[in-house]
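In what follows, a single structure is set out as structure tokens and then discussed.
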Amino acid sequence: MEDDLPTEYDVIVVGTGMTESIVAAAASRIGKKVLHLDSNEYYGGLWATFNFDGLQKWMEDLKSAASENKDFKPDLQDGEQFLQASNQYSTIENIVEDWFISNDEDLPAVLAKNTQTESSEEPSGAEKVDDDKSDKKDTKHWSIDRIKKEYRRFNIDLAPKLLFARGELVELLISSNIARYAEFRAVSRVATCMNGKLTQVPCSRADVFANKTVSVIEKRMLMQLLTSCMDQGADSPEFDGYRDKPFVEYLNTKKLTPIVKHYVMQAIAMATDKTSCRDGVNNTKHFLNSLGRYGNTPFLWPMYGSGELPQCFCRLCAVFGGVYCLKRHLDGVVTSGDKCKAILSGKQRLTLEHLVVGQGHLPPEIVASTGENKISRGIFITDRSIMKGEKENLTLLYYPPEEAGQEAVTIIELGPLTNACPQGLFIVHMTCKRTKTAKEDLAYVVKKFLKAEKLEKNVSRTPTDSQTQTSIAGGESVSKDIESKNPDDENSNNTMPQVLWSLYLNLPASDIKLSESAPNNIHLCSGPDLNLDFDFAVNQAKEIFKSMYPDEDFLPRAPDPEEIILEGEEAPGPKFEGDNSNGENEKQDNEKAEKEE
Numbered sequence: 001m002e003d004d005l006p007t008e009y010d011v012i013v014v015g016t017g018m019t020e021s022i023v024a025a026a027a028s029r030i031g032k033k034v035l036h037l038d039s040n041e042y043y044g045g046l047w048a049t050f051n052f053d054g055l056q057k058w059m060e061d062l063k064s065a066a067s068e069n070k071d072f073k074p075d076l077q078d079g080e081q082f083l084q085a086s087n088q089y090s091t092i093e094n095i096v097e098d099w100f101i102s103n104d105e106d107l108p109a110v111l112a113k114n115t116q117t118e119s120s121e122e123p124s125g126a127e128k129v130d131d132d133k134s135d136k137k138d139t140k141h142w143s144i145d146r147i148k149k150e151y152r153r154f155n156i157d158l159a160p161k162l163l164f165a166r167g168e169l170v171e172l173l174i175s176s177n178i179a180r181y182a183e184f185r186a187v188s189r190v191a192t193c194m195n196g197k198l199t200q201v202p203c204s205r206a207d208v209f210a211n212k213t214v215s216v217i218e219k220r221m222l223m224q225l226l227t228s229c230m231d232q233g234a235d236s237p238e239f240d241g242y243r244d245k246p247f248v249e250y251l252n253t254k255k256l257t258p259i260v261k262h263y264v265m266q267a268i269a270m271a272t273d274k275t276s277c278r279d280g281v282n283n284t285k286h287f288l289n290s291l292g293r294y295g296n297t298p299f300l301w302p303m304y305g306s307g308e309l310p311q312c313f314c315r316l317c318a319v320f321g322g323v324y325c326l327k328r329h330l331d332g333v334v335t336s337g338d339k340c341k342a343i344l345s346g347k348q349r350l351t352l353e354h355l356v357v358g359q360g361h362l363p364p365e366i367v368a369s370t371g372e373n374k375i376s377r378g379i380f381i382t383d384r385s386i387m388k389g390e391k392e393n394l395t396l397l398y399y400p401p402e403e404a405g406q407e408a409v410t411i412i413e414l415g416p417l418t419n420a421c422p423q424g425l426f427i428v429h430m431t432c433k434r435t436k437t438a439k440e441d442l443a444y445v446v447k448k449f450l451k452a453e454k455l456e457k458n459v460s461r462t463p464t465d466s467q468t469q470t471s472i473a474g475g476e477s478v479s480k481d482i483e484s485k486n487p488d489d490e491n492s493n494n495t496m497p498q499v500l501w502s503l504y505l506n507l508p509a510s511d512i513k514l515s516e517s518a519p520n521n522i523h524l525c526s527g528p529d530l531n532l533d534f535d536f537a538v539n540q541a542k543e544i545f546k547s548m549y550p551d552e553d554f555l556p557r558a559p560d561p562e563e564i565i566l567e568g569e570e571a572p573g574p575k576f577e578g579d580n581s582n583g584e585n586e587k588q589d590n591e592k593a594e595k596e597e
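Numbering (full-length UniProt numbering), first residue to last: 1 to 597.
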């Protein structure tokens with residue numbers, strides 16, 4: 001495998017992250033010869049989505065690969081310099097995995113006894129249900145072994161992101177015809193925490209006026225403010241004198257009630273007290289522009305995880321001739337003057353016109369340090385939703401910092417309908433800017449919404465929003481209504497989701513740039529950023545493509561399969577002007593021939 005690749009390319013792309021994959025597709029689409037490499041055996045890099053077993057293997061690979069340091073001495077031509085590539089795993093830190101449930105062998109015999117009791121209560125004529133389709137009994141008791149056994153039903157993201165319905169990525173997927181490779185589900189619920197309780201945010205105009213917690217006067221105030229943000233955005237004269245001031249200062253001048261101010265700041269603009277008025281207004285406009293296109297909220301979630309989207313662009317690249325090779329390392333780059341002439345991969349020297357490289361692969365000599373900005377991530381498997389509802393919801397929650405030194409946390413909760421987890425479980429993603437370790441940064445939010453305590457061996461919880469079942473010694477089973485007697489105690493220990501498994505880690509953020517001494521045909525792609533959507537990656541891909549091919553169209557529409565004419569096939573010619581379905585021309589020709597005879 002090390003020696004079977006062609007050696008000359010227009011573009012070589014290293015890494016299959018979001019930005020790299022978009023650039024690869026765009027270059028291949030205009031007929032450039034593209035080679036796309038990745039040292040991993042999976043697509044996506046830091047944007048990847050794993051099943052549970054794949055995630056465990058990824059963590060093991062981090063431990064073994066972090067200490068690797070290859071000594072590489074290539075043969076060089078006169079005037080050439082070799083720069084060794086970086087270890088991409090060295091940027092991932094503070095990985096902490098923990099279980100809060102027991103193994104199968106640790107479960108008490110009483111659980112088996114309870115199961116037998118339940119089975120005896122079934123009607124004799126009841127139809128047998130397949131294990132894969134059984135919801136209630138099949139998901140009542142979760143163990144470590146059980147979760148590992150069902151690893152294929154999990155799709156866990158390293159960098160979960162949503163798409164604005166009218167955001168850069170959705171428009172690109174539609175215009176390029178790449179949307180046919182992906183499936184999406186609308187976010188059904190945007191939540192906010194008000195007075196210690198989670199409530200659903202009214203997103204559409206109809207929801208606003210149907211909301212009973214907001215008075216008529218407050219509804220009018222809210223609609224007037226949103227209209228001001230929609231008209232011209234931050235450039236509107238309405239915001240003169242406030243653009244560079246905190247958004248909250250502008251809102252204070254409007255004499256809004258606490259409820260209206262809360263909805264705008266924390267649910268729509270997703271702002272903190274430090275957010276500028278310009279950013280707050282633009283965030284609000286972005287939110288409002290995407291309403292009403294797909295569902296009641298502005299957001300879409302990619303089915304099977306965010307890691308599916310880079311693969312969509314990789315598919316298009318391959319369709320137009322791009323060459324793919326996974327498990328192929330970048331050993332280093334060969335430079336001469338201000339140009340990168342080739343890369344070395346295994347035993348091969350691969351020449352190129354342009355090199356597009358993902359974050360974490362480039363030699364440190366040509367990377368400019370721009371700070372220690374990083375991302376704190378928390379991933380949790382829970383037994384119920386953070387917010388009760390009549391149906392399963394795909395939930396987005398923005399939680400602002402409670403005190404100085406904390407960062408705002410974005411929470412995305414996924415259920416079985418997104419194919420993120422098995423029936424009866426939920427995946428909760430938490431993301432914020434790093435200040436300490438991921439576990440420390442997210443601790444105050446985890447404590448607020450989740451019960452991250454070890455489950456006792458003799459306790460099992462039914463994963464529903466109606467009751468929790470506790471098995472007690474002696475084989476009895478006691479059901480407890482999880483509705484709190486105190487309506488203000490929404491997040492009591494009885495109602496909070498139980499964490500079954502958790503993972504904390506710190507990832508690099510997208511604030512790394514090339515140094516001034518870097519060759520001008522090397523293009524650096526950043527990794528995941530702190531924004532909720534993919535706009536940064538899409539815009540960066542456009543900039544890289546235009547710097548390589550300024551006169552070419554960026555990802556023009558790809559034809560559908562039925563529109564493609566293979567070489568050797570003839571397209572149907574234009575219809576003959578005199579042609580008609582009634583055979584009149586043939587009749588006229590016959591009459592003319594008879595007269596000539």
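We put the beta carbon where it would ideally sit given N, CA and C, even for glycine.
Residue from Ala25, Lys161 and Thr7 whose Cα sits closest to the Cα of Gly322 = Ranked by Cα distance from Gly322, the options Ala25, Lys161 and Thr7 are led by Ala25.
message = By alpha-carbon positions, which one of Ala518, Glu440 and Ala420 ends up nearest to Trp301?
response = Ala420
ask   = To the nearest whole angstrom, what separates the beta carbons of His523 and Tyr324, a pair I think is in contact under 8 Å?
value = Taking 8 Å as the upper bound for CB-CB distance, His523 and Tyr324 are not in contact here, some 19 Å apart.
message = Taking the alpha-carbon of Leu507 as reference, which of Ser376, Val319 and Asp551 has the nearest alpha-carbon?
response = Out of Ser376, Val319 and Asp551, Ser376 has the C-alpha closest to the C-alpha of Leu507.
key: Three-way DSSP call (helix, strand, coil) for residue 601 in this model   = Given a span of 1 to 597 for the chain in the structure shown, any question on residue 601 remains unanswerable.
request  = Have a look at Leu397, Phe545 and Gln423 and flag the residue whose alpha-carbon is nearest the alpha-carbon of Cys193.
outcome  = Leu397
Contacting residues, own chain, Cβ-Cβ under 7 Å from Asn283 (five flanking each side not counted) = Ala269, Met270 and Ala271
message = Counting C-beta neighbours from all protein chains within 10 Å, is the total for Asn393 16 or more, i.e. buried, or is it exposed?
response = Asn393 should be labelled buried.
ask   = Thinking C-beta only, is His354 closer than 7 Å to residue 604?
value = In this structure the chain extends from 1 to 597, so residue 604 is not present and cannot be described.
key: Cut-off 6 Å between Cβ atoms - residues of its own chain near Phe534, not counting five sequence neighbours on either side   = Within the same chain, Lys161 and Leu169 come within 6 Å of Phe534 by CB-CB distance, once the 5 residues on both sides are set aside.
Contact between the segment 220 to 240 and the segment 428 to 438 (3+ Cβ pairs under 8 Å) = no
request  = Could you tell me how far apart the beta carbons of Thr7 and Arg349 are, in whole angstroms, since I believe they sit closer than 8 Å?
outcome  = About 7 Å separates the two Cβ atoms, so the contact holds.
Per-residue DSSP class, three states only, for Gly79 = coil
message = I'd like to check one pair, Pro310 with Lys21: are the Cβ atoms closer than 7 Å?
response = Just to set this straight, residue 21 is Ser in the shown sequence, not Lys. In this structure, Pro310 lies closer than 7 Å to Ser21 by Cβ.
key: The alpha helix (DSSP H) enclosing Lys57, as first and last residue numbers   = Phe52 to Ala65
task = Tell me whether Lys219 sits in a helix, a strand or coil according to DSSP, three-state version.
result = helix
message = Quick check on Ala443: does DSSP put it in helix, strand or coil?
response = helix
key: Where the beta strand (DSSP E) through Leu300 begins and ends   = Phe299 to Pro302
request  = Pull up the CB-CB distance for Leu414 and Ile427, whole angstroms please, since I reckon it's below 8 Å.
outcome  = Sure, about 5 Å apart at Cβ, within 8 Å.
key: Continuous beta strand (DSSP E) stretch holding Cys314: start and end   = First-last for Cys314: Glu308 to Val319, but that is the alpha helix (DSSP H), not the beta strand (DSSP E).
query = Apart from the five residues just before and just after Ala182, which ones in its own chain have a Cβ nearer than 8 Å to its Cβ?
reply = Leu173, Pro302, Met303, Glu308, Leu309 and Cys312
request  = Could you tell me how far apart the beta carbons of Tyr549 and Ile30 are, in whole angstroms, since I believe they sit closer than 8 Å?
outcome  = 7 Å
inquiry  = Tell me whether the segment 195 to 205 and the segment 330 to 338 touch, counting them as touching only if at least three CB pairs, one residue from each stretch, are closer than 8 Å.
reply    = no
task = Kindly give me the distance between the Cβ atoms of Val319 and Val11, rounded to whole angstroms, as I take these residues to be in contact under 8 Å.
result = Actually they are not in contact, since the Cβ atoms of Val319 and Val11 sit about 16 Å apart, beyond 8 Å.
key: Nearest-angstrom Cα separation, counted from Arg315 out to Asp560   = 13 Å
query = Going by the beta-carbon positions, is the gap between Phe50 and Ile144 smaller than 7 Å?
reply = no
key: Status (buried if at least 16 other CB within 10 Å, exposed otherwise) for Arg205   = Arg205 counts as exposed, since fewer than 16 other beta carbons sit within 10 angstroms of its beta carbon.
task = For Glu80, collect the residues of the same chain with a Cβ closer than 8 Å to its Cβ; drop the 5 residues on either side in sequence, then sort them by chain order.
result = Val334, Thr335, Ser336 and Lys341
query = Between Arg293, Gly45 and Val187, which lies nearest to Glu171 when the distance is taken from Cα to Cα?
reply = Ranking the options by Cα distance to Glu171, first place goes to Arg293.
ask   = What are the uninterrupted segments assigned as alpha helix (DSSP H) that are 4 or more residues long and contained completely in the segment 234 to 266, given in chain order?
value = 247 to 253 and 258 to 262
task = Give every residue of the same chain whose Cβ lies closer than 8 Å to the Cβ of Asn177, excluding the five residues on either side of it in the sequence, and list them in chain order.
result = Arg557, Ala558, Pro559 and Asp560
Buried versus exposed call for Arg152 [16 or more other C-beta atoms within 10 Å across all chains shown] = exposed
message = Once DSSP output is grouped into helix, strand and coil, what is the label at His429?
response = strand
message = Quick check on Ser64: buried or exposed, where buried means 16 or more other Cβ atoms within 10 Å of its Cβ?
response = exposed
ask   = Under three-state DSSP, which class holds Asp338?
value = coil
message = Taking DSSP's pairing of strands, which residues face Arg377 in a bridge?
response = Thr431 and Leu505
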